[in-house]
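Colleague: Structure in structure tokens, see below.
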């Protein structure tokens, strides 16, 4: 890069950082006060763009029309945020940690289909900003005037938020709540109002971030998930709850991407390296680096322990073996009485059940939430496929070696992850998952790149779908039973003890990190087994088996079933997989229906399905007694 | 719910049976269709309409083998794992005769491999990847759509004619963009050995940093640009490139950019003079297209997109295959597909026996702007069979058996 | 009497220029109850955390039965025979009372690494014996998460006793308890300490508890030890009186 292109790419990066900062600042504010990991924040950004587009069409393409539309759209999105808070989230603040995440997933699905219904499928290219359509010449290069405006807007909004937080009573409350939520409640502040107002401000920022992109980004239906991952990365790299940190992180990531593009392809020591392709994953590389060096982000502070204040996790109940055996028997009979497809659907369910039980193990009893659990599922799947296709191993050997390889990766990733806690830990797992994904996605010669690996079919004696189902049932069932047994072993108790009180665990000689690390490896291997069984049931493996979507599916299954129960994840996996199958088949706007059903479950059973049913049974018994 | 739906469907079928004459005394032939409807709605909504139109026409003409046809559609969520599952559901629960559909390359390839394993005919509608008929080709898979290689090859003559030396390339970073780029470099180098590729940008699909990419390409001072961007990436690239003066004095070639799905959103900013492949629907005057256009507009009160043609032609191919096979036996269907010819809105098409690729052509031309809208000018139709490599080359690429 | 169980010499700790603990030296013998008192902010917690490994001193020596333990992690110090209770109770809320004590017993025996045996099968009688000693046996089946605060303190004591400690470190052991419970808990502690010959170092705000239960008292003010001796001696010390009256506690 020449100096001129360096400067221009720097400006490009800064312009790209502006909207990213606005969205992330909103996310950070909301998380800081409510501790809600709001996946729907990207949807609010998307609505900001769509809203601005429609309003500009309505007002006309005049400066007043344009800026009026941007402002109005942001405010309207703020109201949508308020609606979400009041109608859904407010009802589940007392639910177990992260349960709100499930609700926000559902909202993402609903908003996406509402947008599709309202604005149609075609991309909507908005107008340029009236009066700012030209380019400004800098060092012989042309840069859009609007980009320069965006570069200025970032610091202005940062300043405005800073004033709001430091010079108003509302800001003081927000800062206090960010540091210690319970304290503010104890001071007699109306929490509900505070939360609603924070949601409003956070959503306005997301909407504004979207609306301001109108001249740069066509309104389309992929924007929500495209921005949310980046916004999470920025929030975490900057430090949760730190607006200044978000600003800094947005700039680092925006500029890093622009430089990767600017550098393009270079040759080092005879190797051709495409920095342009690195844009696929550069934000996650930065996040992993930052978190390894600074466990609370660039400007973040250690979080106050939330556990102490929320309800402690209830004790786990030992599964009833007769109950389990009855279920196993029923599952074994299915192929004899149902059609072929039922067997195939059940094979999927069985794989996902092990996947979700392994995720539950780590996020429930072991207390380490993973946003990137698909890493091990996918690595297991790829290991199985590659051992079969590239190394010519027999299918049986590939299947059994796959969990070992997934476990090996978990040894490496886990070593870094157990050094963190809370959302930071969760985001580092996501970073590792995304890094794995990008390698799989790019390494064409080995992994088949974006296409994946094909011809991964089971050995002849397992080719029959019913036989394969029985094998899946045995392997995944054994995996589930194994994990459950471990939960009730001294090792599993030590993990639960460490989750309840790391301080006490250390004080009675437990090397908690060592136990957590071992747990990581254990669940990594089991998720890998699930992935391998899944791969052979499909005949092919693609990068989507390692994607964020696969990780979030796992989270939905666990939370849907109930994170505080043992059987919840199994029920969650079954219900989710079955629901998606049925809903997608029978309705056109199936995402909205799916989201609606999940929301209903969230509101009716804030402990998850199994947790809720247990509660009902207990109440019923108490009434009879 | 499920059982009630089925009961209703069953009753409806019985009623239909009672009302219909002896000609349709049998249940319709079900064709299983799967696609990523919610992931690529801009292309697939018109595609679905094309399917509906074709089904209506086939049935109005008396169906096939004395039975009506019915296309049962499923959403594969853009995920190969889900796709294989719904494919199985279509076959074993719905009793579909065979499979059609799919959009992204990885889903298409996964279903193709599944079809091979399950020994079931699969007509891939839209996946552009060359691998589906070549490197990963198999006996049971056929593909309708003009492939990446073919569309790239169609642009090559114009590219060679311009005698530009310094080329910059930008493509979405996944199978389609990668293979378009590889094909373009190879083919251009063959015709014009002194060509130089001065910059290459591979932004992630749907997440282009258009300003930075446009700047990086401009810094390389290219004479011409080859792009395979589409959708939002294309729109962003066009706007940033225009604002930053990237396209001044630079010829641009862009695969697919003439398709209404991707051209129409650009409106008055449609880049004048770009060489593209696409579908100038309003200007086609062939009888087969006029017939299709009139029927489509009458039924949907909307103009067709390229997806509409693909959906329509896929179902027509399926119907013709059944007719020709005279049976629903998979081996007979596959045999019928080999060398099958039919008339599509784009004219006569043949599914080549050698590699199962159809010879469906594409329109090559330049983008123009008229009344605030983009359109294709100076266009010509290139028959698919003229854009394919030699039989010897194809045989080398395609695995035996 | 032989050499002391805990010997602290010249302990120093500063936080960014502020001297939190300066040149603190003292010793605790087996079977002795030593109270560390002082007004808020005197450096008691800092001092405590340097003894249990949570905080590294800037200088000074901490010897446990003659062995220097500075720089060791809390869990290593525990393995050398130091039991702890916390100012804000730290127990395993989702486990039962008995399981809490068993956890410490398993850890002491180095048997937590087993993956497939069932937790709880071993050490049940030992756990019950400990719970009996602190008067919590009748609640052994209850989950710690639902216990009253005073009961949690007793569970902590049972946990602390599980590794047959030579030294007990108790940070504000009676904080948050009713006055009557406080004396009872410390009487219990004193009785157990004497019976098992355990050295006990505790900090405490409740002067009734301190003066009735401690064998010796040392007084910390602004990071410096200003007095030490029997309860009677300390009560009579004018410096101590000045500190406490001045601090208007």
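Protein chains in written order, with our numbering: chain F, 16 to 640; chain S, 39 to 439; chain B, 13 to 261.
C-beta atoms are modelled at their ideal positions from N, C-alpha and C, and glycine is treated no differently.
Distance check for residue 19(B) and residue 393(F), CA to CA, integer angstroms please.
Modeller: Along the first chain, one-based indexing puts residue 393(F) at 378. Along the third chain, one-based indexing puts residue 19(B) at 7. Taking the straight line joining both Cα atoms gives about 56 Å.
Colleague: I need the straight-line Cα distance from residue 59(B) to residue 33(B), nearest angstrom please.
Modeller: Position 47 of the third chain, counted from the first residue, corresponds to residue 59(B). Position 21 of the third chain, counted from the first residue, corresponds to residue 33(B). Between residue 59(B) and residue 33(B), the C-alpha separation is close to 7 Å.
Colleague: Give the secondary structure of residue 24(B) by DSSP, where H, G and I count as helix, E and B as strand, and everything else as coil.
Modeller: Residue 24(B) sits at position 12 when you count from the first residue of the third chain. DSSP places residue 24(B) in strand when its eight states are reduced to three.
Colleague: Please report the Cβ distance between residue 243(F) and residue 54(F), rounded to the nearest whole angstrom; I am assuming they are in contact, meaning their Cβ atoms lie under 8 Å.
Modeller: Counting from 1 along the first chain, the entry for residue 243(F) is found at position 228. Counting from 1 along the first chain, the entry for residue 54(F) is found at position 39. Rounded, the Cβ-Cβ distance is 6 Å, consistent with contact.
Colleague: Please confirm if residue 152(S) has its CB atom under 8 Å from at least one CB of chain F.
Modeller: If you number the second chain from 1, residue 152(S) lands on position 114. So, interface residue.
Colleague: For residue 291(S) and residue 186(F), what's the separation of their Cα atoms in angstroms?
Modeller: Taking the second chain and counting its residues from 1, the one referred to as residue 291(S) is at position 253. Taking the first chain and counting its residues from 1, the one referred to as residue 186(F) is at position 171. For residue 291(S) and residue 186(F), the distance between alpha carbons rounds to 53 Å.
Colleague: Residues of chain B with CB closer than 9 Å to the CB of residue 637(F), please, in chain order.
Modeller: Residue 637(F) sits at position 622 when you count from the first residue of the first chain. Those do not exist, as residue 637(F) stays about 16 Å from chain B at its closest Cβ, beyond 9 Å.
Colleague: To the nearest whole angstrom, what separates the beta carbons of residue 273(S) and residue 85(F), a pair I think is in contact under 8 Å?
Modeller: If you number the second chain from 1, residue 273(S) lands on position 235. If you number the first chain from 1, residue 85(F) lands on position 70. At roughly 19 Å, the Cβ-Cβ gap does not stay under 8 Å, so residue 273(S) and residue 85(F) are not in contact.
Colleague: Flag residue 356(F) as yes if its beta-carbon sits less than 8 Å from any beta-carbon of chain S, otherwise no.
Modeller: Looking up residue 356(F) in the first chain gives position 341. True, the Cβ-Cβ gap to chain S drops below 8 Å.
Colleague: So, under 8 Å CB-CB, residue 229(B) and residue 243(B) are touching, yes? Tell me the CB distance rounded to an integer number of Å.
Modeller: Along the third chain, read from residue 1 onward, the residue named residue 229(B) stands at position 217. Along the third chain, read from residue 1 onward, the residue named residue 243(B) stands at position 231. The Cβ separation is near 6 Å, so the contact holds.
Colleague: Closer than 9 Å, Cβ to Cβ, to anything on chain F: give me those residues from the stretch 173-205 of chain B, in chain order.
Modeller: Correct list: 174, 175.
Colleague: What does residue 212(S) reach in chain F if we use C-beta pairs closer than 8 Å?
Modeller: Position 174 of the second chain, counted from the start, is the residue given in the question as residue 212(S). Those are 456, 464, 465, listed as they occur along chain F.
Colleague: Alpha carbon to alpha carbon, how far is residue 63(B) from residue 189(B)? Give it in angstroms, no decimals.
Modeller: Within the third chain, residue 189(B) is the residue found at index 177, counting from 1. Within the third chain, residue 63(B) is the residue found at index 51, counting from 1. Their Cα atoms are separated by approximately 25 Å.
Colleague: Using 10 angstroms around the beta-carbon of residue 102(S), count the other beta-carbons present and answer buried if the total reaches 16, otherwise exposed.
Modeller: Working through the second chain from its first residue, we reach residue 102(S) at position 64. By the neighbour-count rule (16 or more Cβ atoms within 10 Å), residue 102(S) is buried.
Colleague: Spatial neighbours of residue 96(F) within its chain, please: C-beta separation below 7 Å, excluding the five flanking residues on both sides.
Modeller: Taking the first chain and counting its residues from 1, one reaches residue 96(F) at position 81. Cβ within range, chain order: 59, 214, 215, 217, 218.
Colleague: Distance check for residue 45(B) and residue 382(F), CA to CA, integer angstroms please.
Modeller: Position 367 of the first chain holds residue 382(F). Position 33 of the third chain holds residue 45(B). Rounded to whole angstroms, residue 382(F) to residue 45(B) spans 38 Å at the Cα level.
Colleague: In whole angstroms, what is the alpha-carbon distance linking residue 40(S) and residue 334(F)?
Modeller: Start at 1 with the first residue of the second chain, and residue 40(S) comes out as number 2. Start at 1 with the first residue of the first chain, and residue 334(F) comes out as number 319. The pLDDT assigned to residue 40(S) is 43, lower than 50, so where the model puts this residue is not dependable; a value taken from the coordinates is nonetheless given after this. Approximately 32 Å, taken between the alpha carbons.
Colleague: In this structure, does DSSP put residue 416(S) in helix, strand or coil?
Modeller: If you number the second chain from 1, residue 416(S) lands on position 378. In this structure, residue 416(S) counts as strand in the three-state DSSP scheme.
Colleague: Within the same chain, show all residues whose beta-carbon is closer than 7 Å to that of residue 59(S), passing over the 5 residues directly before and after it, in chain order.
Modeller: On the second chain, position 21 is the one that residue 59(S) refers to. The predicted position of residue 59(S) is uncertain, since its pLDDT is 44 and thus under 50; a value taken from the coordinates is nonetheless stated next. So the list is empty, once near-sequence residues are dropped.
Colleague: Assign residue 283(F) to one of three DSSP states: helix, strand, or coil.
Modeller: To locate residue 283(F), count along the first chain from 1; it is residue 268. Strand at residue 283(F).
Colleague: Consult DSSP for residue 77(B) and reduce its assignment to one of helix, strand or coil.
Modeller: In the third chain, residue 77(B) corresponds to position 65, counting from 1. If DSSP states are grouped into helix, strand and coil, residue 77(B) belongs with coil.
Colleague: Using a 10 Å radius around the Cβ and a threshold of 16 neighbouring Cβ atoms, would you call residue 209(B) buried or exposed?
Modeller: Position 197 of the third chain, counted from the start, is the residue given in the question as residue 209(B). Label assigned to residue 209(B): exposed.
Colleague: When you check each C-beta in the stretch 477-509 of chain F against every C-beta of chain B, which residues fall closer than 8 Å?
Modeller: Listed in sequence order: 500, 501, 503, 504, 505, 506, 507, 508, 509.
Colleague: In terms of alpha-carbon separation, which member of 253(F), 499(F), 24(F) lies closest to residue 304(F)?
Modeller: Translated into positions along the first chain, residue 304(F) becomes position 289. Nearest C-alpha to residue 304(F): 253(F).
Colleague: For residue 586(F), which residues does DSSP report across the bridge?
Modeller: Mapped onto the first chain, residue 586(F) falls at position 571. In the DSSP output, where bridge partners are listed per residue, residue 586(F) has none listed.
Colleague: So what's residue 304(S) in DSSP terms, helix, strand or just coil?
Modeller: For the purposes of this step, residue 304(S) is taken as residue 266 along the second chain, with counting starting at 1. Residue 304(S) falls in the helix class under three-state DSSP.
Colleague: Helix, strand or coil for residue 433(F) per DSSP?
Modeller: Residue numbering aside, residue 433(F) sits at position 418 when the first chain is read from its first letter. It is coil, neither helix nor strand.
Colleague: In terms of alpha-carbon separation, which member of 196(F), 615(F), 631(F) lies closest to residue 106(F)?
Modeller: Taking the first residue of the first chain as 1, we reach residue 106(F) at position 91. Out of 196(F), 615(F), 631(F), 615(F) has the C-alpha closest to the C-alpha of residue 106(F).
Colleague: Between residue 79(S) and chain F, is the shortest Cβ-Cβ distance under 8 Å, so that the two count as touching?
Modeller: In the second chain, residue 79(S) corresponds to position 41, counting from 1. At least one chain F Cβ lies under 8 Å of residue 79(S).
Colleague: At a CB distance below 8 Å, what residues from the stretch 116-131 of chain B approach chain F? Give them in sequence order.
Modeller: Of all residues in the stretch 116-131 of chain B, 116, 118, 119, 120, 123, 124, 125, 126, 127, 128, 129, 130, 131 have a Cβ within less than 8 Å of some Cβ in chain F.
Colleague: Can you tell me whether residue 78(F) is buried or exposed? The criterion is at least 16 other CB atoms within 10 Å of its CB, across all chains shown.
Modeller: What you label residue 78(F) is simply residue 63 of the first chain in a count that begins at 1. Exposed, since its Cβ has fewer than 16 Cβ neighbours within 10 Å.
Colleague: Residue 516(F) CB to nearest chain B CB: under 8 Å?
Modeller: In the first chain, the residue the question calls residue 516(F) occupies position 501. So, interface residue.
Colleague: Nearest-angstrom Cα distance between residue 353(S) and residue 360(S)?
Modeller: In the second chain, counting from the first residue as 1, residue 353(S) sits at position 315. In the second chain, counting from the first residue as 1, residue 360(S) sits at position 322. If you take the alpha carbons of residue 353(S) and residue 360(S), they lie about 11 Å apart.
Colleague: So the beta strand (DSSP E) residue 159(F) belongs to, where does it begin and stop?
Modeller: Position 144 of the first chain, counting from 1, holds the residue named residue 159(F). Its beta strand (DSSP E) spans residues 156-159.
Colleague: Quick one, which of 148(F), 153(F), 234(F), 359(F) has its alpha-carbon nearest residue 27(F)'s?
Modeller: The residue given as residue 27(F) occupies position 12 in the first chain. Nearest C-alpha to residue 27(F): 153(F).
Colleague: For residue 601(F), count neighbouring Cβ atoms within 10 angstroms of its own Cβ and tell me buried if that reaches 16, exposed if not.
Modeller: Taking the first chain and counting its residues from 1, one reaches residue 601(F) at position 586. Per the 10 Å Cβ criterion, exposed.
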